[in-house]
Every structure is written in structure tokens, then in C-alpha cells.
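Residue numbers (the working numbering), protein chains in the order written: chain A, 6 to 413; chain B, 6 to 413. A virtual CB, placed ideally from N, CA and C, is assigned to each residue, including glycine. It should be emphasised that the depicted structure is a prediction, and the values quoted were computed from it without experimental measurement.
2 protein chains.
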Amino acid sequence: MARLVMKFGGTSVADVARIHAVAERVAATVAQGQAVAVVVSAMARVTNELVALTRSVAPLHDAREYDAVAATGEQVSAALLAMALQSLGISARSWLGWQIPIRTSGAHGSARIQRIDTRELETRLARGEVPVVAGFQGLGPRGRITTLGRGGSDTTAVALAAVLGAERCDIYTDVDGVYTADPRIVPGARKLDKVTFEEMMELASSGAKVLQIRSVELAMNYRVRVQVLSSFGDAPGTLIVDEGEIVEKQVVSGIASSREEARITVLGVPEGVRAAARVFGPLADANINVDMIALTLGPDGRSASVTFTVPRNELALTLHTLEGARRAIGFEAMEHDASVAKISVIGVGMRSHAGVASRMFKALAQKGIAVAAVSTSEVKISALIPEAYLELAVRSLHTAYGLDAAAT
Amino acid sequence: MARLVMKFGGTSVADVARIHAVAERVAATVAQGQAVAVVVSAMARVTNELVALTRSVAPLHDAREYDAVAATGEQVSAALLAMALQSLGISARSWLGWQIPIRTSGAHGSARIQRIDTRELETRLARGEVPVVAGFQGLGPRGRITTLGRGGSDTTAVALAAVLGAERCDIYTDVDGVYTADPRIVPGARKLDKVTFEEMMELASSGAKVLQIRSVELAMNYRVRVQVLSSFGDAPGTLIVDEGEIVEKQVVSGIASSREEARITVLGVPEGVRAAARVFGPLADANINVDMIALTLGPDGRSASVTFTVPRNELALTLHTLEGARRAIGFEAMEHDASVAKISVIGVGMRSHAGVASRMFKALAQKGIAVAAVSTSEVKISALIPEAYLELAVRSLHTAYGLDAAAT
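Put into C-alpha cells, the structure is as follows:
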């Protein structure tokens with residue numbers, strides 16, 4: 006019997022009516038003869054409320070206690086969905102992370118799944134029962150509840166699909182798939198039928214919030230076919246698959262963008278060739294995530310300017326850290342800009358196609374959009390631009406790479 | 006080092022400010038050199054909301070899934086209180102039922118505690134850590150979360166005090182002790198300094214909702230000294246102790262009352278002497294809790310009238326059950342009254358004092374209050390009266406037994 010993991014996000018189980026709708030969908034899939042394991046997120050808004058509660062009790066709280074609070078959201082939704090399934094005559098039960106158990110590292114708040122004991126789940130699936138697994142949570146090495154971080158339920162679902170040898174992992178969410186660009190910005194954006202793991206990884210890290218990046222990484226490593234689709238309709242979604250499964254590769258599959266960026270430029274850093282190490286050492290010590298980096302050597306080669314981006318909500322911490330290390334780094338001045346955005350062109354086809362980058366710069370230049378920094382990977386080119394130009398840039402690139410609906 | 010179990014009810018941890026106030030109180034007790042274990046209920050209203058949620062998903066829900074939902078309330082409050090304690094520099098951590106574990110029967114929704122593993126708690130207490138235990142929950146025989154039923158956190162606290170050999174179990178609530186009568190009804194009601202386990206049992210089963218009856222039973226069996234006191238003040242509360250600890254015994258300690266009663270009279274039941282068995286057999290099969298019973302044999306002794314009370318919310322089910330068993334029972338008619346109340350006079354001293362009952366009937370008669378049924382135990386006399394007379398009856402009896410504040 007084919008096995009399927011179905012994962013439902015917070016908006017899909019936001020209220021009692023939607024929980025029943027999800028149950029109907031699961032029941033219909035079971036009726037088709039599939040063996041189904043379900044993974045659920047907390048009901049929409051619940052996790053945010055729980056997090057706010059822990060913050061108001063103690064701003065600097067014990068991550069282990071935070072996890073005990075945060076994990077209750079999925080505990081509730083899993084049990085409610087099991088009840089809803091039972092009311093449809095489906096044999097179902099809820100499973101918490103510690104009950105399976107899903108063993109994780111002890112990194113509370115961002116734990117990593119290490120081992121999933123599938124014996125009991127296998128037995129239940131074999132007798133036609135539907136396990137409803139609370140996503141986002143696991144059991145740490147010291148017997149305490151851990152959580153996997155934001156979007157962790159996607160990771161739970163993909164991991165479960167991997168260990169159960171599921172044919173596919175369907176991620177139901179409030180969008181109906183992965184688009185060539187954000188449809189709110191580009192009205193002509195098209196839904197992609199298929200996208201490769203590599204492209205999805207880059208999309209996830211470039212601002213397309215459809216899937217958590219760790220779940221895509223996991224899917225890629227274990228070759229789990231993932232489908233992203235809407236829980237509010239019946240249309241097929243976007244399949245995330247191995248490159249080999251995509252016959253006709255697009256040079257560029259999509260344009261992603263992110264506003265959550267801030268730019269910092271450190272001017273007059275001595276020892277030009279070692280400037281990057283001088284600047285990024287203290288930031289690494291402070292656990293600050295540096296993304297794009299551009300380095301400009303001064304004319305004499307003895308000093309350099311270092312430009313880089315950090316998540317916007319880490320800007321203050323970054324400035325504070327650099328100021329504290331000013332003497333050690335020895336820089337002359339520092340400037341920053343929190344009104345920048347990152348725009349990325351993504352596609353596995355660009356590996357074998359020249360001129361993808363130049364088309365990007367040409368399109369941006371034609372609209373008079375200044376590029377402050379650039380970074381590239383094998384399947385992505387990102388540019389840092391003024392935030393005000395974000396929509397214009399996305400639309401221009403969408404057209405420039407022939408992605409508009411009319412163009413296909 | 007003296008050990009103390011401190012239990013805080015839902016109103017005591019109703020919001021963030023109150024959780025901090027509870028933490029301050031625990032910290033002050035720790036500062037006095039006591040080893041403290043804390044038990045918490047869910048934040049006020051949370052359990053009701055969770056119960057409503059399960060009902061709206063499936064009115065006839067799986068009790069195991071219900072328990073998984075309901076137990077999250079205490080999971081959250083225990084973790085938040087641990088955080089609040091940590092913020093005061095107290096070493097503390099939350100403990101869920103399954104983590105200790107508190108092993109219970111498999112009767113989901115009303116499980117009974119069977120065994121508590123104290124090893125880990127002992128170790129933590131010895132090193133000065135404060136365990137914050139989620140009340141109301143345990144681990145069932147099949148590895149699932151169980152709950153102990155309404156007010157179950159009191160039971161958790163008393164059980165913990167018993168197994169840890171605590172000197173006392175302090176139950177913090179929104180009232181400052183046990184009163185001679187409900188102060189909202191009798192302005193002159195006095196707080197009792199001490200009350201015996203037996204009296205407290207009768208009070209709990211007669212409408213005084215200070216403590217869950219099972220927790221009192223447990224305290225009596227394991228001789229755990231329990232104190233009921235307010236978390237909103239510093240006054241001493243009421244100590245529930247062994248009879249031997251009370252030197253000057255009152256004949257009557259208090260007057261309790263309950264509106265949650267309904268009366269049913271079944272008329273013309275054949276085989277008068279076996280009438281009770283005929284009527285109560287079907288009710289027992291339907292799990293209906295019958296309380297007061299009065300049986301009147303007809304003049305010929307061949308038929309009887311049976312009057313009894315059931316919880317008001319079980320009236321419809323009771324009538325339905327009796328109607329269904331009408332042919333088997335063979336009764337002639339049935340009448341019921343949902344506007345009745347039970348009033349109880351309680352005191353260990355009545356064992357050795359005559360005339361306690363006659364004083365009750367006299368006082369009620371003087372006010373023209375009709376008594377529909379009577380039941381007695383060693384330390385209690387209860388009378389069923391029209392609900393409209395409840396306050397009048399409580400005040401009259403409070404005066405008749407010399408309990409008014411001025412009278413002491």
C-alpha cells in the first residue's frame with residue numbers, strides 16, 4: 006500500500022471548521038487506499054500567543070521551559086484532528102514527539118532531529134490507523150521537550166516521510182504552490198509544476214516563505230518527493246523533486262525577494278587583504294548571521310571597505326558589536342542602511358547558460374536601480390538594491406527572463 | 006530541611022503579574038530554609054477554553070485525545086512559573102506528569118494516581134532546586150497522557166506531599182480558608198482555624214468547593230496535613246488535620262449547601278420491599294450518581310414511592326433512563342423537581358452529642374421550610390429543601406448552631 010505523509014500548516018487548522026475540512030481531506034485520501042500519516046502545526050496564531058506569554062514572563066527565558074510552552078500548540082491541534090478523524094469513522098490517534106519518540110539534539114528552540122523510532126507507527130499504519138503527529142517537537146537527550154524552530158513542522162513531516170519510506174510528503178499550506186515570483190508583486194506570476202530541491206533551497210533562503218529551508222535540505226538529502234499545495238482547494242501544487250525528474254529545465258525558474266535585510270559598510274579597515282577576517286571575527290563570536298559580502302580594496306591596497314548584509318532585526322546588535330570591537334578592527338568609519346532589499350534570480354539551468362547575470366544587471370540598470378552588492382551560488386544570483394525599488398525590480402526581472410504568463 | 010508542597014490554583018496564576026506574585030511567595034518560602042515543591046493548575050479559564058474546543062470538534066470525543074488537549078493548560082503554567090522563579094534567581098524547572106512520571110490508571114478524564122517515581126525529584130530537592138509540577142496530569146499504562154478530573158491538581162499536590170514526606174501541603178486558592186458557611190450567604194460566617202479530614206470530606210461532598218473530595222480522601226489516608234489559604238494575602242488559612250490535633254471539638258463546624266441537585270420521585274413501584282433495587286439498578290447501569298434516598302412504603306406494603314436526588318445536570322439522562330426501564334420497573338408515575346437544594350450540617354462532635362438533628366428540623370420548621378428528604382452520615386446531616394429557601398435555611402442553621410461570629 007502506498008504511503009503518504011500529509012502535513013497541514015497553522016492556517017489549515019486555524020479553527021474547528023478547518024480542522025474538520027482537513028479531516029475530510031485525510032479521510033478521502035485514506036478512502037483511495039493510501040496509508041496516511043499526518044503532521045500538524047499549531048492552530049494559526051497560537052504559537053505567537055504562547056511565545057508572547059513566555060516573553061512577558063521573562064524576556065531572557067530558559068529555552069527548555071520555552072519549549073515546554075511552545076510545544077503545547079501542536080499537542081492541541083494533533084489531538085483535535087485525531088478527534089475529528091474519529092468522528093468520520095477513521096481510526097486515528099495523536100502522537101507527541103516524546104511518545105514516538107522523535108529524538109532530537111538538546112539545542113532547545115532549534116533542535117535537530119536525530120532519530121525517529123518508527124516501530125509503533127509502522128504497526129499502526131499496517132492496521133489502517135492514521136497517526137496524527139504533533140509537528141515541531143521532539144524529545145531531547147535529557148528527557149525534555151524540544152522544539153525544532155519556526156516552520157519545524159515541515160521538517161517533522163519530511164523526516165517522517167523519509168523514515169517511513171513514504172511515496173510523497175504533501176505540505177498543505179495557504180498558498181497553492183511555488184510561484185515564479187510573489188503574485189502580490191507580479192500579477193503575471195505562474196505556479197511552477199515542478200521545481201528542483203536546489204532551486205527550492207535557494208528560494209527558501211531568498212525570501213520565498215513557502216517551506217522552511219531545513220525541511221528542503223532534509224528532503225534533498227533523503228530524496229523525499231515533496232508537494233506544496235493549498236488546503237483550500239483541489240488543484241495540484243508544486244512538486245519539489247530531483248533534478249533528473251525535470252525534463253525541460255528552465256534557465257531561470259523564479260525571482261525571489263526579501264525585505265528583511267540591512268546593509269552595513271565598514272570604511273577604512275587596515276590590512277586590506279585581511280579586512281574581512283578582522284570585521285567578521287567579532288560578528289561570528291556574537292552569532293550574527295552575515296549574508297551578502299562585498300569587499301573593495303583601497304587604491305593603495307592597505308585599507309579596504311567591507312560591505313555586508315545582516316537580518317534587519319540584528320542590525321542594532323551588529324552595530325553595537327562592531328562599535329565594541331572598533332579598536333581591535335581599527336576601522337575609520339561605519340555606515341548602515343536598513344532600507345535595502347535582496348532580489349534573487351534562481352534556476353538550475355543557469356549552470357549551463359552564460360549571460361544570466363548580465364541580463365539581470367542590464368534589466369536593473371535600465372530601470373535605474375542601483376546595486377550595492379552581489380552574491381552568487383551555482384543556481385542563484387542575488388543583488389542588494391534600495392527597498393523602494395523591490396517591486397519594480399521583481400517585475401522587471403520576471404519579464405526579462407521570460408517568466409510572465411503571456412510569454413509561455 | 007523541612008519539606009513543603011505549595012499548590013497554586015488557576016486564579017493564583019491567572020495572568021503574568023500573578024505568576025510573578027506566586028514566584029515571589031515561593032522564593033520567600035525558600036529563603037526561610039524550606040525545601041519546596043510546587044504544583045500548579047492551569048491559568049484560570051484556560052482549561053474551560055480547551056474543554057470547549059474539544060467539545061466543538063467532537064461532542065463525543067475520545068477521552069485520550071481530550072486528555073492530551075486538557076493537559077496542555079498545566080504544561081504552560083508550570084513552565085511559565087519555572088521561568089518566573091528563575092528570573093528571581095531560584096533554581097527551578099517544570100515537570101510534566103510523564104516526565105516524573107506520575108503513573109495513573111488508564112481511566113482517561115478521571116484517572117487515579119497509582120505510583121509516583123520520586124528519585125529525580127528527591128535529587129533535585131536535595132540540591133536546592135524547586136520542582137514545578139504540572140498538576141492534574143499523569144502517565145497512563147499505555148504511555149498516554151491522563152488527567153485526574155476537575156480539581157485534580159489538589160490531588161497531585163497531596164499525593165506529592167505524601168510520597169515526599171512533606172511536613173505540610175499548602176493549597177493556595179482564591180478564598181482564605183474554610184468557613185462555617187458560605188460568607189456570601191452568611192455575613193457572620195467565621196473562618197475555621199482547623200477542621201478534621203472527616204469534616205472536610207463531608208464539606209467537599211456537600212457543596213463547599215474549596216477542595217476536591219479525592220484530595221481530602223488522599224490526605225486523610227496518608228495523614229498529610231493540608232492548609233487551605235489565599236494567594237492574595239498573608240493571613241493563615243484553615244488547617245485540615247487529624248481529629249486528634251483538634252483539642253476543643255465543635256459539635257457543628259459548618260453549614261454547607263449545594264444547588265446542583267434535582268429530585269425525582271418514582272410512584273407506585275411494585276414489590277415495595279424490593280422497590281429500591283428495581284429503580285436503582287438501571288440508574289447504576291447508566292453510571293448515574295444517586296445521592297439522597299427516601300423510600301415510602303404504601304399502606305398495603307405492596308408498592309412504594311422512591312424519592313432520590315441526582316446531580317442536576319444528570320436529570321434529563323436519569324428521566325430518560327427511567328422511562329426506558331418503565332416496563333421492567335413497573336412504576337405508575339414519575340415526578341421531578343430541579344429547583345431543590347441540599348443543606349448540610351457538619352461536625353465531628355455530633356457523634357457524641359444527641360439532639361443535633363432535631364435542632365436542624367426545628368430550625369427549618371420554624372421558618373416554614375419543607376424537607377423533602379434527609380440523609381445522614383456519622384458527621385453530617387443533610388436535608389433536601391426548595392432551592393428558594395437555601396439562603397434563609399443556611400442563615401437559620403448557622404444561628405441555631407451558635408456559629409455566628411458574635412456568638413463566639
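Run of the beta strand (DSSP E) containing residue i, from where it starts to where it stops
i	result
B/Met-339	338-351
B/Gln-232	231-235
B/Gly-102	It is not in any beta strand (DSSP E) - B/Gly-102 carries neither H nor E in the DSSP assignment.
A/Thr-314	308-316
B/Ile-334	Run containing B/Ile-334: none in the beta strand (DSSP E); it sits in the alpha helix (DSSP H), 331-334.
B/Lys-12	8-13
A/Asp-187	No beta strand (DSSP E) contains A/Asp-187, which DSSP labels as neither H nor E.
A/Leu-389	385-391
Residue i, enclosing alpha helix (DSSP H) - first and last residue
i	result
A/Glu-265	It is not in any alpha helix (DSSP H) - A/Glu-265 instead sits in the beta strand (DSSP E) that spans 259-275.
A/Ser-220	218-227
B/Asp-72	68-75
A/Leu-402	395-405
B/Leu-208	202-210
A/Ala-57	51-62
A/Lys-367	361-371
A/Ala-131	124-131
B/Ile-251	Neither: B/Ile-251 is in no alpha helix (DSSP H) and is coded neither H nor E.
Nearest neighbour of residue i, chosen from the options [CA to CA]
i	options	result
A/Ala-139	A/Ile-150, A/Pro-241, A/Val-62, A/His-113	A/Ile-150
A/Ser-263	A/Ala-388, A/Met-11, A/Ala-32	A/Ala-388
B/Leu-153	B/Ala-343, B/Glu-265, B/Arg-69, B/Ala-28	B/Arg-69
A/Asp-187	A/Thr-16, A/Val-215, A/Phe-336	A/Val-215
B/Met-205	B/Val-168, B/Ile-260, B/Ala-167, B/Thr-161	B/Ile-260
A/Leu-101	A/Ser-110, A/Gln-91, A/Ala-112, A/Ala-87	A/Ala-87
A/Ile-105	A/Ala-89, A/Leu-126, A/Leu-85, A/Gln-91	A/Leu-126
B/Glu-250	B/Asp-198, B/Ile-269, B/Val-257	B/Asp-198
B/Glu-207	B/Val-183, B/Ile-190, B/Ala-194	B/Val-183
A/Thr-59	A/Ala-75, A/Thr-178, A/Ala-162	A/Ala-75
B/Ala-63	A/Ala-89, A/Met-297, A/Ala-164	A/Ala-89
B/Leu-85	B/Met-48, B/Ile-107, B/Val-56	B/Met-48
Partners in chain B for residue i, counting only beta-carbon separations shorter than 9 Å
i	result
A/Ile-24	Val-62
A/Gln-104	Trp-103, Gly-148, Arg-149, Ile-150
Neighbourhood of residue i by C-beta distance below 7 Å, restricted to the same chain and skipping five residues each side
i	result
B/Ala-73	Ile-150
A/Asp-181	Lys-196, Leu-234, Ser-235, Gly-238, Ala-240, Gly-242
B/Glu-392	Arg-264, Ser-344, Val-345, Ala-346
A/Glu-383	Arg-356
B/Gly-133	Ser-96
Contacts around residue i, its chain only, beta-carbon distance under 6 Å, and the 5 residues preceding and following it disregarded
i	result
B/Ala-412	Because the pLDDT at B/Ala-412 is just 44, under 50, the model does not fix this residue reliably, and the value given afterwards should be weighed accordingly. Answer for B/Ala-412: no residue qualifies.
B/Arg-103	Correcting the residue type first, residue 103 of chain B is Trp in the shown sequence and not Arg. These residues qualify, in order along the chain: Leu-144.
A/Val-271	Val-284, Val-311, Phe-336, Met-339
A/Ala-209	Leu-216, Ile-218, Val-221
B/Ala-291	Thr-326
B/Ala-330	Pro-287
B/Ala-194	Tyr-184, Thr-185, Ala-186, Pro-188
B/Ile-190	Glu-396, Val-399
B/Trp-385	Strictly speaking, residue 385 of chain B in this sequence is Lys, with Trp absent from that position. Once the five neighbours on either side are set aside, the close Cβ partners of B/Lys-385 are Glu-207, Ser-349, Ile-351.
B/Ala-162	Val-10, Lys-12, Val-44, Cys-174
Sequence-distant residues of the same chain with beta carbon closer than 8 Å to residue i, five excluded per side
i	result
A/Leu-397	Lys-372, Ile-374
B/Ser-110	Ala-116, Arg-117, Gln-119, Gly-145, Pro-146, Thr-151
B/Arg-364	Ala-405, Tyr-406
Under 7 Å from the C-beta of residue i: neighbouring residues of chain B
i	result
A/Ala-4	No statement about residue 4 of chain A is possible, as the shown extent of chain A runs from 6 to 413 and does not include it.
A/Ala-84	Glu-70, Ala-73, Val-74
Neighbouring residues, chain A, relative to residue i (Cβ below 9 Å)
i	result
B/Thr-201	Going along chain A, no residue has its Cβ under 9 Å from B/Thr-201, so there is no contact; the nearest lies around 39 Å.
Residue i: contacting residues in chain B (beta-carbon distance under 8 Å)
i	result
A/His-418	Outside the displayed span of chain A (6 to 413) sits residue 418 of chain A, for which this structure offers no information.
A/Ser-349	Ordered by position in chain B, no residue passes the 8 Å Cβ test against A/Ser-349, which lies about 39 Å from the chain.
Residues that residue i contacts on chain A, provided the C-beta gap is smaller than 7 Å
i	result
B/His-325	Chain A residues near B/His-325: none, gap ~23 Å exceeds 7 Å.
B/Val-45	Within chain A, no residue comes near B/Val-45; the closest Cβ sits about 12 Å away, beyond 7 Å.
CB contact below 8 Å: residue i versus chain C
i	result
A/Ser-210	Among the protein chains of the structure shown, namely A and B, there is no chain C.
Under 8 Å from the C-beta of residue i: neighbouring residues of chain A
i	result
B/Val-56	Result: empty, since nearest Cβ-Cβ is about 12 Å, beyond 8 Å.
- request: State whether the region 399-406 of chain B contacts the region 322-334 of chain B, with contact taken as three or more CB pairs (one from each stretch) at a distance under 8 Å.
  value: no
field: Stretch pair the region 21-38 of chain B + the region 88-102 of chain B: three plus CB contacts closer than 8 Å
entry: yes
message: Assess contact between the region 77-86 of chain B and the region 112-129 of chain B, defined as three or more Cβ pairs (one per stretch) separated by less than 8 Å. Is contact present?
response: no
- prompt: Quick check: the region 37-57 of chain A against the region 19-26 of chain B, are there 3 or more CB pairs under 8 Å?
  reply: no
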